[in-house]
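Take a look at the structure set out below.
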């Protein structure tokens with residue numbers, strides 16, 4: 060953990076052959092790249108993407124769980140993954156998966172500047188929705204303490220409702236500074252992000 064600091068630092072030479080990531084086709088990575096474009100501009104984002112490609116322990120493959128398993132197998136040393144997958148691994152019915160997860164640690168990057176990139180689960184009502192009132196009620200229920208507690212306790216996601224307590228596992232990982240970039244800004248930078256992936260050779 061004392062080697063870790065920021066997303067940007069992962070392109071330094073000491074991480075050569077040590078970084079594990081998913082494919083650029085994965086929407087988690089697409090929004091992460093969009094956030095890098097928003098923070099640094101397209102030129103610096105391309106430099107970062109090329110640096111990650113150069114430092115990859117293997118070509119992108121598999122899901123978040125597979126990146127964690129690759130660390131345990133000695134393929135690489137650090138992976139960019141969603142924390143809730145760690146929660147699912149730690150509580151897996153599979154004994155081997157639980158043991159692998161117990162060997163890992165969680166680190167939230169960029170705590171001294173913009174904060175850690177986060178993904179969200181969202182809902183919206185279309186302009187011409189035929190059941191607008193019921194859709195509104197559903198969204199209100201999903202944001203209620205009752206529903207948000209299920210998201211947090213069963214899927215280890217951070218609750219959007221601030222009145223909902225974090226599960227013990229999330230508290231154990233600690234509070235962190237999240238990147239608060241507006242969602243419309245992420246959307247604005249998604250197309251440049253995809254072009255950058257292609258230019259960098261991030262498959």
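In the working numbering, the protein residues as written are 60 to 262. Backbone N, C-alpha and C define an ideal beta-carbon position, used for all residues, glycine too. Bear in mind that the values here come from a model prediction, so they are computed numbers and not experimental data.
Item, Value
"Length-filtered (4 minimum) alpha helix (DSSP H) runs lying within the region 65-150", "86-99, 101-114, 123-131, 142-149"
"Between the CA atoms of residue 235 and residue 170 - distance to the nearest angstrom", "7 Å"
"Range covered by the alpha helix (DSSP H) that runs through residue 208", "204-214"
"The alpha helix (DSSP H) enclosing residue 156, as first and last residue numbers", "154-161"
"Integer Cβ distance of residue 77 from residue 137, believed to fall under 8 Å", "6 Å"
"Distance between residue 143 and residue 200 (C-alpha atoms, nearest Å)", "22 Å"
"Spatially closest choice to residue 132 from 79, 90, 250, by CA coordinates", "79"
"With 16 other Cβ atoms within 10 Å as the buried cut-off, status of residue 155", "exposed"
"Cβ pair residue 222, residue 90 closer than 8 Å", "no"
"Rounded separation between residue 260 and residue 141 - CA only", "23 Å"
"As assigned by DSSP and simplified to three states, the class of residue 237", "strand"
"Environment of residue 94 [buried if 16+ CB atoms lie within 10 Å]", "buried"
"Beta-carbon proximity check, residue 176 vs residue 238, cutoff 8 Å", "yes"
"For residue 229 and residue 146, the rounded distance between their alpha carbons", "8 Å"
"Residue from 92, 244, 243, 203 with nearest C-alpha to residue 224", "203"
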